[in-house]
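Residue numbers (the numbering used here): 2 to 173.
Positions of the beta carbon are idealized from the N, C-alpha and C atoms, including for glycine.
All of these numbers come straight from a predicted model, not from anything done at the bench.
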Ligand SMILES: Cc1cc2nc3c(=O)[nH]c(=O)nc-3n(C[C@H](O)[C@H](O)[C@H](O)COP(=O)(O)O)c2cc1C
């Protein structure tokens with residue numbers, strides 16, 4: 002998915018996401034909806050494999066959204082950080098970020114990894130990691146398409162809106 006809103010004069014909230022069975026995508030879309038409610042911010046959603054260092058440099062704040070796989074962030078999400086880390090190092094210090102993790106039952110491992118990378122970038126965490134558990138633990142449930150409950154999508158919406166509002170007001 003490309004631009005939700007587009008205006009180069011406004012600060013951009015970049016949402017980098019990956020999904021295998023749709024859960025993280027629904028979370029990211031809800032956050033993008035929340036962000037788009039703030040008129041003073043441009044929300045840009047990019048799949049992790051599409052996002053590059055120029056996208057990171059051009060944004061004013063970030064929302065990183067990943068499934069948790071094998072107690073880690075998804076490999077595609079890690080690949081995004083691997084490709085962009087050194088190109089953005091010392092060029093994005095102090096910018097705000099938050100993370101969202103879609104997990105079967107845990108999510109803490111992926112959240113910790115993102116926090117560590119963001120600390121290396123000297124980004125500013127502006128919210129606790131938002132973890133949604135889909136209770137998928139059997140092979141069948143893991144492979145099934147996910148549906149994120151409205152209450153959890155609302156939490157994601159609120160996070161996107163809070164990030165966008167903070168960016169628009171310059172309060173981070
Ligand atoms: C290979 C693999 C490993 C997984 N490992 C974990 C895990 O360590 N912890 C966890 O809570 N969920 C784990 N899960 C479950 C996923 O996090 C869960 O299915 C989630 O809904 C995936 O997000 P998605 O729908 O955006 O792809 C794993 C799923 C897969 C496919």
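Per DSSP, the bridge partner or partners of residue i
i	result
residue 12	DSSP, once it has assigned bridges, lists no residue as partnering residue 12.
residue 1	In the structure as shown, the chain starts at 2 and stops at 173, and residue 1 therefore has no counterpart that could be examined.
residue 98	63 and 126
residue 74	69
Reduced DSSP secondary structure (H/G/I, E/B, other) of residue i
i	result
residue 135	coil
residue 146	coil
residue 104	strand
residue 128	coil
residue 39	coil
residue 121	helix
residue 3	Caution is warranted here: a pLDDT of 47 is assigned to residue 3, below 50, making its placement in the model unreliable, and the coordinate value is therefore given only provisionally. Three-state DSSP puts residue 3 in coil, outside helix and strand.
residue 161	helix
residue 151	helix
residue 171	coil
residue 52	coil
residue 90	coil
residue 83	helix
residue 23	coil
C-alpha distance - residue i paired with residue j, whole-angstrom precision
i	j	result
residue 183	residue 104	In the structure as shown, the chain begins at 2 and stops at 173. Residue 183 is therefore absent and cannot be evaluated.
residue 34	residue 40	12 Å
residue 67	residue 170	27 Å
residue 73	residue 172	31 Å
residue 140	residue 11	44 Å
residue 13	residue 136	33 Å
residue 166	residue 144	36 Å
residue 42	residue 138	38 Å
residue 127	residue 161	11 Å
residue 164	residue 97	8 Å
residue 99	residue 65	7 Å
residue 50	residue 94	23 Å
residue 88	residue 59	12 Å
residue 90	residue 62	15 Å
residue 18	residue 25	7 Å
residue 16	residue 47	6 Å
residue 116	residue 146	27 Å
residue 102	residue 108	6 Å
residue 79	residue 119	12 Å
residue 82	residue 112	14 Å
residue 86	residue 56	12 Å
residue 122	residue 76	19 Å
residue 84	residue 155	31 Å
residue 159	residue 110	23 Å
Q) Within the chosen definition, does the stretch 123-137 reach the stretch 149-159 through at least 3 CB pairs nearer than 8 Å? A) Using a Cβ-Cβ distance cut-off of 8 Å, the stretch 123-137 and the stretch 149-159 are in contact, since at least three pairs of beta carbons, one from each stretch, lie closer than that value.
Q. Around ligand 1, which residues pass a check of Cβ closer than 7 Å to any of its heavy atoms?
A. Ordered along the chain, the selected set is 20, 21, 22, 23, 24, 25, 26, 68, 69, 70, 71, 72, 103, 104, 105, 106, 107, 108, 110, 134, 135, 137, 143 and 147.
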